[in-house]
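Everything on this sheet refers to the single structure shown next.
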Amino acid sequence: MRFNKKLFYVFICITIIILTIVVVYGYEKYTCIEETTFSTIHITHSKQIRSEGLTLYASGQSEPDFNYSRPYKFKSINDSILSTKLDDSLKLRAFRCYFEYQGEKIHIKSIDLLSDSKKYSIDLNEKFKNHGLRFKNDGFNFEVMQSNGFIETPKKFLYPSDFKNLYKFYLPIFFIVCLLTYLVYKLKHVKINLKTIGLPEISIGVLILCEFLPPPTYNVALILGAVINIRRISVKKIVQNKINLFFIAFFIIYLLNNLFVTDKSYLHLGTVERFLPFLVLAIIIPSINNRKCLALFPISAILIGIGLTVTSIIDVFIHGNMVFLSFDNFSKYLHPVYYSYLLFFSILYIQFYYWEKFKYIILFILFCFLVFSGSKMVFIFTLLAFLIPLIKSKMIFIVIIPLAVIVLLFSPLKNRFYDILDENDFSILQEEKITDANDARINGLTFRLILWREALKTMHGVDYIIGKGVTKQTNKILENKLVNLGMLSHKNFNPHNQYIDTFWRTGIIGLLSLILIPIYSLVIGINKKDKLLILFCLFMLAVMCSESIFGRVNGIYFFTTVILILINTAKEINEDSYIRN
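Quick note, in the working numbering, the sequence shown goes up one by one and the last residue is 601.
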């Protein structure tokens, strides 16, 4: 057997990249300490803290979040030290301290974890996670700006005992390295015509790769794309496809609403700034006639998915809990539902445009990421869109059997489906006041129904025409309704339905403008027999029922980019030839 140097070098490079991810994530997320069992936490302070207003919640060995069913209260040892005793069985990973009294000024000198024989002092120079507090520049000194503001440990605690059975960590990492090496080896046969790639295509490609990265990368990419393509802007091409005008009109409706509906709304232009991609992309994309840029979405999905999987494997190994491979524990900085949108489109694109049998390995990987992301609606819609064209093909069994095994064995996804199947949960909709903010009947479905109802109940008279406004002041209206209802733990949410969200903020004018975008695109797709465009428009119409997809910048960039590129470019021949075969 001949030794392949190039393949070996690829293996080494991928190994280095994966190990770098492991080291960086481990350093950012965890801090290693010696003792495995702490019995007491001491807080030393110089300004009097009322102990009755201080509550601590802890996260244990395998818990992904803090255990709010077990509060720890503090007692004063003397004028400068508060103390709380932890459960003997608790292997402390992290903790969060809540300060109840608004206006209280606090200066913490030290936070110490104590066992029978040792003391570990938390470094107060680290950046603590906090909410509802205003820190001063001189040491760990802050003022409580709102009731139940909190501080949270900057990193989770890692113990020597966590490094037992390291093979359980190395085996999946080694498998990922080998799989990536194989992918690169197989993809080397893909031919790229560099003559068709210029600065405009590169600028849009960079934007696509950045759309699901942390901010402000996508904003920088958008500015770069606008600067590079400013000379190529063609009014004729913009007007040629009405969809460009619909996106521009949608932006203008939000802009005018922001300026004239709410008092002093010119001081709150955050929503208009977030919606700017509607305007900018509708101007620059028509001048770039290259649908192949969309191939970067699957590449982005795979690269992001690999990074999220590697970091989640670290969490699973340390905590011993598979839930760290599910939903927001898996997606980290990225909202899992929005990552699911990227995976949906990537799966369809690979299905339609990549016709070698090797594509089923890529599709299987993308489906695994979709399972980990845990979005129920997106998973079902993707499965239907993918399997229906394969019903008469033997390849359906190659995909469906291993996928079914993963779904059946992966309990976090099953639990997310079970959560919405209990009919008794709907009884919470009849209650005028919810006494328990963490009521178990509040699940993904009942919560959305409450949000929709409470948002629409705030509308009166002219609100149905022009809405209640698009600024943060409108968010406060819904927040107050949720607080009065008793949903204190869920008060900072948008309506989670783009139709209701747009109607609530901009009235019937904005709603009609919103619906026009996917409906018109769907008609264009049907006329052109563009199956990718048809499925994407149906998908957009569906997911807007359960999510305010434009509530996050990722959703604005993604849906706008995909629709504008699909409509402003010609359908490629390979799509139909693959489907016929």
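Cβ coordinates follow ideal geometry from the N, Cα and C atoms, glycine included.
No experiment lies behind these values; they were computed from the predicted model shown.
- When the five nearest sequence neighbours on each side are left out, no beta carbon in the same chain lies closer than 7 Å to the beta carbon of L296.
- At a Cβ-Cβ threshold of 8 Å, Y274 and V482 do not count as neighbours.
- For C557, the CB contacts under 7 Å within the same chain, skipping 5 residues up- and downstream, are P538, S541, L542, G545 in chain order.
- When the five nearest sequence neighbours on each side are left out, no beta carbon in the same chain lies closer than 6 Å to the beta carbon of D283.
- For V164, the enclosing beta strand (DSSP E) starts and ends at 161–164.
- About 7 Å separates the beta carbons of D521 and G571, which is inside the 8 Å limit, making them a contact pair.
- Assigned with DSSP and collapsed to three states, S79 falls in strand.
- Rounded to whole angstroms, the separation of the alpha carbons of K111 and T104 is 15 Å.
- Per DSSP, the unbroken beta strand (DSSP E) holding K139 starts and ends at 139–141.
- Residue range 25–49 is occupied by the alpha helix (DSSP H) that includes E48.
- Note on geometry: alpha-carbon atoms of T466 and W472 lie some 10 Å from one another.
- Residue pairing from DSSP places F155 in a beta bridge opposite F162.
- Excluding residues up to 5 positions away in sequence, nothing lies with its Cβ nearer than 6 Å to the Cβ of P409 in the same chain.
- The Cβ neighbour count for I36, taken over all protein chains shown within 10 Å, is under 16; the residue is labelled exposed.
- Closest in alpha carbon position to E120, among I131, T75, I128, S137, is T75.
- A302 has no beta-bridge partner at all, per DSSP.
- For the pair of segments examined, the region 276–294 was found not to touch the region 495–511: the number of CB pairs separated by less than 8 Å stays below three.
- Less than 8 Å separates the beta-carbon of K488 from that of I497.
- In this chain, the alpha helix (DSSP H) harbouring E221 covers 219–230.
- Take G73, set aside five residues on each side of it, and the residues of its chain with a beta-carbon closer than 8 Å to its own are F119, E120, Y121, E124, in chain order.
- Per the Cβ contact rule, the region 562–569 is in contact with the region 516–534 (3 or more Cβ pairs under 8 Å).
- For E172, the enclosing beta strand (DSSP E) covers residues 169–172.
- Following the DSSP letters along the chain, one finds S332 in no beta strand (DSSP E) but inside the alpha helix (DSSP H) bounded by residues 316–339.
- Distance from the CA of V204 to the CA of I69, rounded to the nearest whole angstrom, comes to 59 Å.
- In the displayed model, H62 falls within a strand according to three-state DSSP.
- According to DSSP, N261 shares a beta bridge with no other residue.
- Around the beta-carbon of Y88, fewer than 16 other beta-carbon atoms lie within 10 Å, marking it exposed.
- For S393, the secondary structure class from DSSP, reduced to helix, strand or coil, is helix.
- A460 sits in coil when the DSSP states are folded into three classes, being neither helix nor strand.
- The beta carbon of F267 is closer than 6 Å to those of F298, A302 in its chain, skipping five residues each way along the sequence.
- Judged by beta-carbon spacing, F170 lies beyond the 8 Å limit of H127, meaning their Cβ atoms are not closer than that value.
- For F115, the enclosing beta strand (DSSP E) has its first and last residue at 114–119.
- As the crow flies, the alpha-carbon of F115 is around 14 Å from that of L144.
- Taking C-beta atoms as the reference points, P180 and I308 fail to come closer than 8 Å.
- The count of Cβ pairs closer than 8 Å, one atom from the region 391–406 and one from the region 349–369, reaches three, so the stretches are in contact.
- DSSP lists N161 as the bridge partner or partners of H127.
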